[in-house]
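Sequence order for the protein chains is A and B. Just so you know, we're using the numbering used here here: the first sequence kicks off at 30 and counts up by one. Just so you know, we're using the numbering used here here: the second sequence kicks off at 30 and counts up by one. C-beta atoms are modelled at their ideal positions from N, C-alpha and C, and glycine is treated no differently. Here's the structure we're looking at; comments come further down.
Protein chains: 2
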Amino acid sequence: MFRTLRLTNLLAARSVATTAGPQASAVAVNQHSAPVDFGTEPERPHMVTAIPGPRSLELKKNLADVQIGFTIEWVGNYEKSFGNYVHDVDGNVMLDTFMQISSLPLGYNHPALHAVARSEEYIAASLNRPALQYFPSHNWMQLLQDSLISIAPRGMKHVNTFMCGACSNEHQIRSVAICAAFMRRQGRLPSEEELTSTIRNQAPGSPKVAILSFLNGFHGRTLGCLSATRSKATHKVDLPAFDWPACNFPRYKYPFEENVEYNRKQDEMSHDEVDRTMKEYKAKGNPVVGVLVEPIQGEGGDAHASAEFFRGLQRIAKENGAAFMLDEVQTGMGITGHWWAHEMWNLPTPPDTMSFSKRAMAAGFYASDDYQVKHDERIRSTWSGEPQKAFLLRETIKVIRQQNLLQSVRDTGAYLVNGLKQLKGKYPSLVQNPRGAGLYVAFDTKDKDVKEKIYKSCADHGLILGSCGVTTIRFRPALIYQKKHVDVTLDILDTVLSKQN
Amino acid sequence: MFRTLRLTNLLAARSVATTAGPQASAVAVNQHSAPVDFGTEPERPHMVTAIPGPRSLELKKNLADVQIGFTIEWVGNYEKSFGNYVHDVDGNVMLDTFMQISSLPLGYNHPALHAVARSEEYIAASLNRPALQYFPSHNWMQLLQDSLISIAPRGMKHVNTFMCGACSNEHQIRSVAICAAFMRRQGRLPSEEELTSTIRNQAPGSPKVAILSFLNGFHGRTLGCLSATRSKATHKVDLPAFDWPACNFPRYKYPFEENVEYNRKQDEMSHDEVDRTMKEYKAKGNPVVGVLVEPIQGEGGDAHASAEFFRGLQRIAKENGAAFMLDEVQTGMGITGHWWAHEMWNLPTPPDTMSFSKRAMAAGFYASDDYQVKHDERIRSTWSGEPQKAFLLRETIKVIRQQNLLQSVRDTGAYLVNGLKQLKGKYPSLVQNPRGAGLYVAFDTKDKDVKEKIYKSCADHGLILGSCGVTTIRFRPALIYQKKHVDVTLDILDTVLSKQN
Chain A
30 MFRTLRLTNL LAARSVATTA GPQASAVAVN QHSAPVDFGT EPERPHMVTA
80 IPGPRSLELK KNLADVQIGF TIEWVGNYEK SFGNYVHDVD GNVMLDTFMQ
130 ISSLPLGYNH PALHAVARSE EYIAASLNRP ALQYFPSHNW MQLLQDSLIS
180 IAPRGMKHVN TFMCGACSNE HQIRSVAICA AFMRRQGRLP SEEELTSTIR
230 NQAPGSPKVA ILSFLNGFHG RTLGCLSATR SKATHKVDLP AFDWPACNFP
280 RYKYPFEENV EYNRKQDEMS HDEVDRTMKE YKAKGNPVVG VLVEPIQGEG
330 GDAHASAEFF RGLQRIAKEN GAAFMLDEVQ TGMGITGHWW AHEMWNLPTP
380 PDTMSFSKRA MAAGFYASDD YQVKHDERIR STWSGEPQKA FLLRETIKVI
430 RQQNLLQSVR DTGAYLVNGL KQLKGKYPSL VQNPRGAGLY VAFDTKDKDV
480 KEKIYKSCAD HGLILGSCGV TTIRFRPALI YQKKHVDVTL DILDTVLSKQ
530 N
Chain B
30 MFRTLRLTNL LAARSVATTA GPQASAVAVN QHSAPVDFGT EPERPHMVTA
80 IPGPRSLELK KNLADVQIGF TIEWVGNYEK SFGNYVHDVD GNVMLDTFMQ
130 ISSLPLGYNH PALHAVARSE EYIAASLNRP ALQYFPSHNW MQLLQDSLIS
180 IAPRGMKHVN TFMCGACSNE HQIRSVAICA AFMRRQGRLP SEEELTSTIR
230 NQAPGSPKVA ILSFLNGFHG RTLGCLSATR SKATHKVDLP AFDWPACNFP
280 RYKYPFEENV EYNRKQDEMS HDEVDRTMKE YKAKGNPVVG VLVEPIQGEG
330 GDAHASAEFF RGLQRIAKEN GAAFMLDEVQ TGMGITGHWW AHEMWNLPTP
380 PDTMSFSKRA MAAGFYASDD YQVKHDERIR STWSGEPQKA FLLRETIKVI
430 RQQNLLQSVR DTGAYLVNGL KQLKGKYPSL VQNPRGAGLY VAFDTKDKDV
480 KEKIYKSCAD HGLILGSCGV TTIRFRPALI YQKKHVDVTL DILDTVLSKQ
530 N
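Below is the structure:
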C-alpha cells in the first residue's frame, strides 16, 4: 500500500541519513543541527529483564522518597527510543501501544520534530516564554493559523490555549458559566451587588450553577474538573465537591451491530435521565449551564456511544438552555481516524466548547461564538499556553497530512480490532468486547486480576499496553503504528493469553 | 564591583562571540549549535512608535478574532530581544522590568540557556514528554536533585511537579485536604461509604472542608484556586465557589520603620480575625484544613507583612489544626534576594506546603512529610510536570550561584527603592510608599487614572512596568537587572512624572 510504504520509507530514510550525513536534508533538518543517532525501529521487542528491571526499581525507590512514585512502572531512556519502540533503563526495548498515556502523536524522536527542535524559532520560543494574552510573540497568530486553527472543528472559530487537559477543562467550564451568566442577564454586565458578593464567595456574585457529567467520566483532578469526574472514588474522596449532577452513560453490548435494539434502549434511558436531572436541578435553584461529556469514555473503561446518542444529548442540552461541552483530551488529534472524534457524529450544529490536550501537545479549548467570553479579562492565565508546543503541533499536522495518517489510523485500527476478534474466538473468556474507533481500541477481560496479569505479562514480553475501567485493556498507540506493529502486538498477546488460559 | 563586572562580562563576551565564532565556547555552547546573533544589550531604550505601535495593533486585531485578545499591550519579537531589553514588532527596544509577568529569571535569550536548548538531552526531553508518575526518564531523579531539590526550602524534602501556578496550587490544596482527612481518621483508609458517596459528590466522601485565604490574595483561576482568590471581582463573578473564608491581610503604612506600632496593630487584627474565623468554620461543620497565603500579595497591590505576622499566622494555623500553606508562585526563585521569600521570616518549623511556578519555569509544590500524600494514586496528572523545564531551571540555578545573583538582587533592589524614595521627595503625590524585598519592588500613586497614565507613558518612553492592585506600579525585573538598569528606569520615570506633575 502506497501510504504505508511512504511512512516506512520516512523512518528508514532517517536511519540511512544517520550514517550518510547529507541525506538528512531529505527530512528538512535545520542546517545547524547535527545528525542524531536514532538507529531504526527494531522488528520486534528485545527483552533482557522482567518489567520493572532492577535499574528501574532502584530509580523508582529513590524517586519515591521525593515524589509520589509508587505508581512508576518502568523508567525510560527516551534518548534511545525511536518510533513505536521505547527503551528502558535496563536495556529492554518494547513496543509501546500506550505512548505516555496517549500523548505522543508521532512516537518517539520523530525526525521531523527533531528538525523543529533545532530551529531558531523553536529555541527562541523555549527560552522566552511569553505571557500570551499580554505580550504575544510576533509569530503567534500565524502559528495558530497553521496549527490549531487549521484543524479547528467546523463552526468553532475561537481557540483559547492553556497548559494541560485539566486546566483546559477548568477554563472550558469557566467560559460556559460566564457566558451563561451573560445570557441570563441578557447581556447586562455584573451588578455592583454581584461584584461585591463574589469577593466573599457568596450569591448572587458566586451563583449556584452546575455542570452535568456522566458516571465513569474523567475530566481531570483540579477541584472544578474533579466535581465533574466520576471514574474512580480514589480520585475524589476526601476532597470538597460542588453539588453537580452525574447521569449514567450508555453501557453497550458488543458487537454493536448485533445489539442495536439493546443499545438504543441504553441511549434512551440515558437521555431521559439527563433531561429529568436538568429539570430537577433547575427547580432546586442550581441550573445546569453545561453538559460535559467525552466522545468515548477512556479512563472509565473505553465506553463507546452512538452518533445518535450524542445528537440526542446535544438536543436535550440545548432544550434545557445548557452548553454542549466536549472533552476531547483523549479522543482528539487523529487517534479515531478523524481530527476530532465528534466529527463522526454529523452534529446538526457545532459543539459549544471542546477541550484538547495530550496528543495535541498544545492544550486548550475551542469555543463557538456564543460561548467565547468577550468581556474583560475573564478567561486568562499568566502564560495561557506555550508557543513551543504549537511549533511541534504544526509540524505534526504536516506529517499527518503528508503521510495520510488519518486514513492509516482507520485502516490499522480496523486491522487491530479484527485481530482481537480472532483472539476472542480463541480465548472467549479472556478477550471480550473488542471495539474501537480508529486506533482508539480496547477489549475487556474476565476480571480485574486477569487484566492485571495480562497487562504485566505483556510488558514482560515487551508489549506496553494501557489499562482502564475495571477489566479493560486499552490501546493508544502513536499514529505511526502500522499493520506490522499490529502483527507483533497480536503475536505477543496470543502468547500471553495462551498461558492464562 | 566584582560581581557586577562578572555579569556584565558574561553578556559582553557573548556579543564578541557572535562575531568571533570560536569564543562561543567560553559560555559552554553545545558543540552542535551555531552562533546566535544576539547583539548586546543597548545602553538605553530606543523607541520609534508609541506603544502599541501600528504592527502590534494590527496583530492584536487579528488575534482578537480568535483568542481573548483585548488585553494585549504589545507584540514582542523574542528572537531579537536580549538581556533586560525586549524588542517589539514595531522596532521599539524597551527596558523590561516586568519580564512576562515575572517569569523570565535571566531575561531574554540568556546564552547559558541557549546552550541548554541545543543539548541532546534537552531536545530528547522536548520531543518525548513522559508521563512522569508512570514512566519517568532515566535522568529525572538526577535532574530533580540538581534543580528543585538543590534549592528546596529547609525541612521540605518532597517536591511534586506540575504545569503552572494554578495547577500547583490546586494540587497543593488537594494534598492538604487529603492529608487532613487521613489525620481526622487517624490513618484509617477511606471507608466504603466514603468511597461510594464521593462518586455522587456527597458527604461523607466529599466532605465540607475549607481553605482560609486573604482578601486581595491571588492564587489562580481554576475553580479550586478561585475559591481562595480574592483580588478582583472580575476574576470570580458568575462562577460557583466553595464556602471558604477570607480574612483581612495586614495593610501597612510605609515606611515600615516609622509605623511600627500601627503595623503591629494590623498584624494583631488580622491574627484575631483568622483565629476567630477558623473557630467559626469549625463550629459550623466546615473546618479550615489549610491557611493559604502569599508572602507578599502581588496581584492585590504589593502588600507586605512582617516576619512576626507570618510566624504568628503559622502558630494560629497549627493551633487550629490546619496546614500553613505558602503560595510562592510570584515571590519565589530569587526575586526577593532569597530563593524563597519565607526564608526571610525565620520560621520555627517549615511551612507545610509551598507552591512555585513563573520564574522557576518548572512548577509544582514542596511538602513537609506530614502533608505529602503517601497512599494510592491521589495526587497526579498525565504529565505531572515537564523535564524540559527542569533542565532550564538547573542551568538558571547554576548561573544564579556562579554570578552571585541573590546578593545582586538585594543590592540592586535597595538601590531601586532608594531611587524611588528620591522621586517621592520630588513628586510626593505621584510616588507614595516605595517598598520592596530585593527586586520585588513597588510604589503607589495618587489614583487609578494617574497610575494608568504613568504606566502607559513609561511604555511610550521604552520602560515596561507592571501594574497591580488599584494604584500600584510594580517592578518584577529579571535577576540580571543591575544598577545601570535602575539608573535608566529612574531617569525615564523622572521624565514621565515631571509631565504628570
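- Taking a beta-carbon distance threshold of 8 angstroms, Gln162 of chain A counts as an interface residue toward chain B.
- Secondary structure of Ile97 of chain B (DSSP, three-state): coil.
- Taking the Cα positions, His367 of chain A is about 6 angstroms away from Leu435 of chain A.
- Among the CB atoms of chain B, none fall inside 8 angstroms of the CB of Asn277 of chain A.
- Considered as a whole, the stretch 205-291 of chain A harbours 221-227, 252-257, 262-265 as its complete alpha helix (DSSP H) runs of no fewer than 4 residues, in chain order.
- Nearest C-alpha to Asp304 of chain A among A:Ser437, A:Gly350, A:Arg293: A:Gly350.
- The beta carbon of Cys196 of chain B falls within 8 angstroms of a beta carbon belonging to chain A, placing the residue at that interface.
- Residue pairing for Val320 of chain B: DSSP places it in a beta bridge opposite B:Leu241, B:Phe353.
- DSSP places Tyr137 of chain A in the strand class (E or B) of the three-state scheme.
- Per the C-alpha coordinates, the member of B:Val515, B:Lys282, B:Gly454 positioned closest to Tyr444 of chain B is B:Val515.
- Per DSSP, the unbroken beta strand (DSSP E) holding Ala466 of chain A starts and ends at 461-466.
- Excluding five sequence positions before and after Glu290 of chain B, none of the CB atoms of its chain fall closer than 6 angstroms to its own CB.
- Assigned with DSSP and collapsed to three states, Gly194 of chain A falls in helix.
- For Leu224 of chain B, same chain residues with a beta-carbon under 8 angstroms away, outside a window of 5 residues either side, are Gly234 in chain order.
- In the three-state scheme derived from DSSP, where H, G and I count as helix and E and B as strand, Tyr163 of chain B is classed as coil.
- Secondary structure of Phe339 of chain B (DSSP, three-state): helix.
- Listed by position along chain B, the residues whose Cβ is nearer than 7 angstroms to that of Phe271 of chain A are Asn230, Pro269.
- DSSP places Ala419 of chain A inside the alpha helix (DSSP H), whose first and last residues are 416-431.
- A Cβ-Cβ separation of about 5 angstroms places Val266 of chain B in contact with Pro219 of chain A under the 8 angstroms criterion.
- Spanning the alpha carbons of Ile364 of chain B and Met123 of chain A requires a straight line of approximately 45 angstroms.
- The straight-line gap separating the alpha-carbon atoms of Trp412 of chain A and Asp125 of chain B is approximately 17 angstroms.
- Sixteen is the threshold: since fewer than 16 other Cβ atoms of the shown chains lie within 10 Å of the Cβ of Met212 of chain A, the residue is exposed.
- Residue state for Ser496 of chain B is assigned as strand, using DSSP reduced to three classes.
- CA-CA distance, Arg293 of chain A to Trp374 of chain A, rounds to 15 angstroms.
- Nearest CB-CB separation between Leu494 of chain A and chain B: not below the 8 angstroms threshold.
- With contact defined as three or more Cβ pairs closer than 8 angstroms, the stretch 306-322 of chain B and the stretch 226-243 of chain B are in contact.
- DSSP links Gln326 of chain B through a beta bridge to B:Ala332.
- By the Cβ neighbour-count rule, Gln431 of chain B is exposed, with fewer than 16 other Cβ atoms within 10 Å of its own.
- Annotation: Glu150 of chain A is outside any beta strand (DSSP E); the continuous alpha helix (DSSP H) that includes it extends over 149-156.
- Asp117 of chain A is bridged by DSSP to A:Gly105.
- The beta-bridge partner set that DSSP reports for Phe472 of chain A consists of A:Ile502.
- Segment contact: the stretch 104-122 of chain B against the stretch 147-166 of chain A, three or more CB-CB distances shorter than 8 angstroms; contact assigned.
- The C-alpha of Pro463 of chain B is placed about 56 angstroms away from the C-alpha of Thr378 of chain A.
- Contact between Thr441 of chain A and Gln511 of chain A holds: their C-beta atoms lie close to 6 angstroms from each other, under 8 angstroms.
- Under DSSP, Tyr395 of chain A shares a beta bridge with A:Val188, A:Met383.
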